[in-house]
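Listed in order, the protein sequences are those of chains A and B.
Sequential numbering from 1234 applies to the first sequence in our numbering.
Sequential numbering from 27 applies to the second sequence in our numbering.
The structure under discussion appears below in the form of structure tokens.
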Amino acid sequence: MKFENNLPIYVQIVDYLKSQIISGVLKEGDKLPSVREIATELKVNPNTVQRSYQELERENLVFTQRGMGTFVTEDKKVIKDLKKNLANNILNNFIEDMKAIGFSSNDIIELINERVKEEK
Amino acid sequence: MYDVDNIVEIKNLTKSYGRKLALDNLNLNIKKGKVVGILGPNGSGKTTLIKILVGILRQTKGEVLINGYKPGVQTKSIVSYLPDRNFLYEWMKVEDAIEMYKDFYADFDEKKCDDLLQFMRLERDMKVNSLSKGMKEKLNLTLVLSRKAKLYILDEPIAGVDPVARDQILDAIINNYEENSSMIITTHLVRYMEKIFDEVAFISDGKIILEGNAEKLREDKFMQIDDLYKEIFG
């Protein structure tokens, strides 16, 4: 993973792990690497990784079993919601950007329809 | 009053070399269990500060407490210090250096040392004078991290080593950092080290001009610590 320039490190690790969960690299019930493993791999402070795990836990995306490690949630709905949220974020940004350069809602829909047809 | 949550307390610390002021009324507290980066360009006072913390230099004015004690015999037994240059004799073998450390420090952990030697690809029968600069740095760090200290003070641990050695040194620091110990690391190579800091303090002309939680600073300033460093000192 590559770090971006303007976000706290823990947020970037959270986003990275979320993308791994959404894309299915990390599946429901999978064990996450230990804090220490991620810290070494990304060369970041273990406290930072710990904070990322806490954040994921707060969002119910992972759960920790004492002495066993941290696991991806087995609740499919939570993962589905995460996916939906992310899709919404992408859409919102996209629509905002398009409107900023002068496209109306109808223009956008038309463009998307054209593009989808091309891809088929 | 001394706060038990602080491993280091520095109050109004001043050090002058003749007429030149190296430290100017510097104040800084360091919490237990944190990795703290002291960031500043050459000549900003980093090494002077460190040398007072480890008891090599005496301050002109002000107070320093480590775990509640003034720097001295008491604090040397709990502080493991990596100087900014090689501290081993050239005639030594790695083996001799380890024996010296074992003799000096009751908290030296030989098992930890062996693991680190292997990780750094150092052999006990290598001679110090045949080691490259990067290898010497790795050996020095191996010895320093092999102690089970309360406070590790690393003065410029990655200065002048190649990128591969640099990564190895970072890995060794991360892997050997324990929650109940603290670390102070000085550097001007902020880009490579900033991700391992909990807290950072910017030092300029012998004063702390900005300090705080690294993640909080990234959030507030909307930039990485390296960019902040360039903004302050660039």
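Ideal placement from N, C-alpha and C gives every residue a C-beta, glycine not left out.
Computed from a predicted model, the values in this text were never measured in an experiment.
Residue-level contact to chain A via CB, residue i, 8 Å cutoff
i                      : result
residue 152 of chain B : no
residue 245 of chain B : yes
residue 95 of chain B  : no
residue 201 of chain B : yes
residue 249 of chain B : yes
residue 253 of chain B : yes
residue 221 of chain B : yes
residue 196 of chain B : yes
residue 141 of chain B : no
residue 241 of chain B : yes
residue 224 of chain B : yes
residue 216 of chain B : no
residue 187 of chain B : no
residue 190 of chain B : no
residue 61 of chain B  : yes
Chain B within 8 Å of residue i, Cβ atoms only
i                       : result
residue 1240 of chain A : yes
residue 1277 of chain A : yes
residue 1273 of chain A : yes
residue 1249 of chain A : no
residue 1243 of chain A : yes
residue 1281 of chain A : yes
DSSP three-state assignment for residue i, whether helix, strand or coil
i                       : result
residue 161 of chain B  : helix
residue 42 of chain B   : strand
residue 171 of chain B  : helix
residue 1303 of chain A : strand
residue 62 of chain B   : strand
residue 1285 of chain A : helix
residue 1239 of chain A : coil
residue 34 of chain B   : strand
residue 82 of chain B   : coil
residue 153 of chain B  : strand
residue 67 of chain B   : coil
residue 1325 of chain A : helix
residue 1247 of chain A : helix
residue 148 of chain B  : coil
residue 219 of chain B  : helix
residue 1331 of chain A : helix
residue 1280 of chain A : helix
residue 1318 of chain A : helix
residue 1309 of chain A : helix
residue 140 of chain B  : helix
residue 1258 of chain A : coil
residue 1353 of chain A : coil
residue 1290 of chain A : helix
residue 1346 of chain A : helix
residue 206 of chain B  : coil
Residues that residue i bridges to, as DSSP identifies them
i                       : result
residue 1337 of chain A : Answer by DSSP bridge pairing: none, since residue 1337 of chain A is not bridged.
residue 181 of chain B  : B:212
residue 49 of chain B   : B:41
residue 95 of chain B   : B:92
residue 237 of chain B  : B:227
residue 56 of chain B   : B:34
residue 1178 of chain A : Residue 1178 of chain A is absent from the structure shown; chain A starts at 1234 and stops at 1353.
Span of the beta strand (DSSP E), counted from its first residue to its last, around residue i
i                      : result
residue 72 of chain B  : Residue 72 of chain B -> not in any beta strand (DSSP E); alpha helix (DSSP H) instead, spanning 72-79.
residue 91 of chain B  : 87-92
residue 225 of chain B : 225-230
Start-to-end residues for the alpha helix (DSSP H) that takes in residue i
i                       : result
residue 242 of chain B  : 240-247
residue 1268 of chain A : 1268-1275
residue 1295 of chain A : No alpha helix (DSSP H) holds residue 1295 of chain A; the beta strand (DSSP E) holding it covers 1295-1298.
residue 257 of chain B  : 251-259
residue 201 of chain B  : 189-202
Quick one: which unbroken alpha helix (DSSP H) runs of 4-plus residues sit fully inside the region 102-138 of chain B? Chain order, please.
120-130
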